[in-house]
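A quick write-up on the structure given underneath.
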Amino acid sequence: MVREINRDIEILKIKARTATKNDITGIAQDLADTLQAYRMTCVGMAANMLGEPKAVIAICLDAENGAGNFPGAGPADILVMLNPKYEKQSGKTYIAEEGCLSLPDKREVKRSEWVEVSYRDMKWQKKRQKFTGLLAEIVQHEMDHLEGKII
């Protein structure tokens with residue numbers, strides 16, 4: 264179900280609680296549906312952006328090639344991660360300018376060039392994946408949301 268975007272800073276500041284298998288058919292699916300609906304202007308979301316402080320994020324895997332960023336685009340390739348956790352991060356960092364659907368304006372943030380993350384997928388299977396480039400930046404942005412960090 265597509266949900267309204269939360270813009271309440273106090274809710275965005277709440278640290279996420281651990282997601283459970285029961286969250287797959289609730290907030291995790293709603294997050295994927297909502298990101299799909301906003302794919303023209305958004306490449307990632309965290310559950311607190313929908314008002315639920317649960318450790319669930321969703322990213323558009325095809326964000327780097329601009330898929331979904333034009334009228335009439337087909338569905339985005341979305342990856343939902345429950346309870347994502349950093350396993351490794353690049354020692355090299357850079358400054359990025361990022362925006363967020365929940366917040367006005369853009370802000371500068373420090374990001375690692377790559378990150379390796381463990382998580383549970385929508386079938387509750389354990390996964391581990393390395394993200395580079397824009398996808399690494401998106402993952403870091405969404406994982407900041409889980410910590411209650413406001414960019």
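Take any residue in the sequence shown, note its place counting from 1, add 263, and you have its number in my numbering. Ideal placement from N, C-alpha and C gives every residue a C-beta, glycine not left out. Just so it is clear, the structure is predicted and the values come from calculations on it, not from any experiment.
Report the rounded CA-to-CA distance for residue i versus residue j, giving the unit in angstroms.
{"i": "V372", "j": "I414", "result": "7 Å"}
{"i": "D271", "j": "D293", "result": "19 Å"}
{"i": "W377", "j": "E327", "result": "14 Å"}
{"i": "N269", "j": "A300", "result": "15 Å"}
{"i": "Q352", "j": "E410", "result": "17 Å"}
{"i": "L366", "j": "K278", "result": "17 Å"}
{"i": "P347", "j": "R370", "result": "24 Å"}
{"i": "R383", "j": "L324", "result": "16 Å"}
{"i": "N311", "j": "D407", "result": "11 Å"}
{"i": "A291", "j": "K412", "result": "20 Å"}
With distances taken Cα to Cα, identify the nearest neighbour of residue i among the options.
{"i": "V402", "options": "E361, W387 and D368", "result": "E361"}
{"i": "E405", "options": "K390, T356 and K276", "result": "K276"}
{"i": "C363", "options": "E400, Q392, K355 and S375", "result": "E400"}
In this structure, how does DSSP classify residue i when only helix, strand and coil are distinguished?
{"i": "D384", "result": "coil"}
{"i": "N285", "result": "helix"}
{"i": "A279", "result": "coil"}
{"i": "L366", "result": "strand"}
{"i": "M379", "result": "Before going on, a small fix: residue 379 reads as Glu here, not Met. E379 falls in the strand class under three-state DSSP."}
{"i": "L398", "result": "helix"}
{"i": "E327", "result": "helix"}
Determine, using beta carbons only, whether residue i and residue j come nearer to each other than 8 Å.
{"i": "M344", "j": "V306", "result": "no"}
{"i": "A318", "j": "A282", "result": "yes"}
{"i": "I322", "j": "L398", "result": "yes"}
In the DSSP assignment, what residue or residues form a beta bridge with residue i?
{"i": "Q299", "result": "Paired residue(s): none; Q299 is not in a bridge."}
{"i": "G307", "result": "I322"}
{"i": "Q352", "result": "V378"}
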